[in-house]
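Numbering (my numbering), first residue to last: 7 to 246.
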Amino acid sequence: MNSIQTQFHDLLSKQNIVLSPEQMQQFETYYEELVSWNEKMNLTGITERDQVYIKHFYDSVTLSFYLKMDQIHSLADIGSGAGFPGIPLKICFPHLKLTIVDSLNKRILFLQNVADKLGLKDVELLHGRAEDMARNEGLRDSFDLVTARAVARMAVLNEFCLPFAKPGGTFAAMKGSDPAEEVRESAKSLSELRGKLKDSHHFSLPMENSERHIILVSKTGPTPKKYPRKAGTPLKSPIL
């Protein structure tokens, strides 16, 4: 292992996530595919190995520091982009049944290539808008955990993501800068979409100290029939 891989492995070990050589190789292959495909399409502005391992891989896995992953079986990652946080979480916790929803088909093609190259099982990749997909039986009110990383403001994210979470499940919004104002303005959407603020965690990434926040929302009941509204509406007209 090179130095950043060793640091990455050791940082996760401190959180009782001990990766096998095979899992470490999966992360390295993921990095190589990300950089290779990034030359053809815009997946990320971060391509240096050290930064990808910390700002993408480690950052994605931080969610597991605040949840009991052995009690989570199904994960939906909404607007996953280059696969964060869903793919890193799947590598670390192979038991997860992962569903990724993204509106750009070329990103889905990249993620299918990654899943194939890494030999990941129980990964479903869906091309479509979250607002449309959340109407589908088998997806709506179905997942133990729903994630979104740096996708939109909370009032919008609630409508994108909470319809996928099952009653009793959790929606986790992963943010950079302090989301306190976003959380305040999202109170009505939380109530409308049967969500309840559960917890908020603040920390800094190791080595380069970027701020991170994770907001955990509990799903208290089935999604009302009128939500989510038709594609494009939540962004244009958030529930405020």
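Even for Gly, the Cβ is constructed at its ideal location relative to N, Cα and C.
As the structure is a computational prediction, the values presented were derived from the model and not from experiment.
query, result
"Helix, strand or coil at residue 223 [DSSP, three-state]", "strand"
"Span of the alpha helix (DSSP H) around residue 190", "186–191"
"Stretch-stretch touch, CB-based, cutoff 8 Å, three pairs: the segment 139–149 with the segment 185–197", "no"
"8 Å Cβ cutoff met for residue 63 and residue 116", "no"
"Residue 51 at chain B interface by Cβ criterion, 8 Å", "In the structure shown, chain B does not exist; there is a single protein chain."
"Endpoints, the beta strand (DSSP E) within which residue 155 is located", "149–155"
"Cutoff 6 Å; reference residue 130; Cβ partners in own chain excluding five residues on either side", "105"
"Separation of residue 16 from residue 137, as counted between CA atoms", "39 Å"
"DSSP state of residue 47 mapped onto helix, strand, coil", "coil"
"Range of the contiguous beta strand (DSSP E) that encloses residue 129", "129–133"
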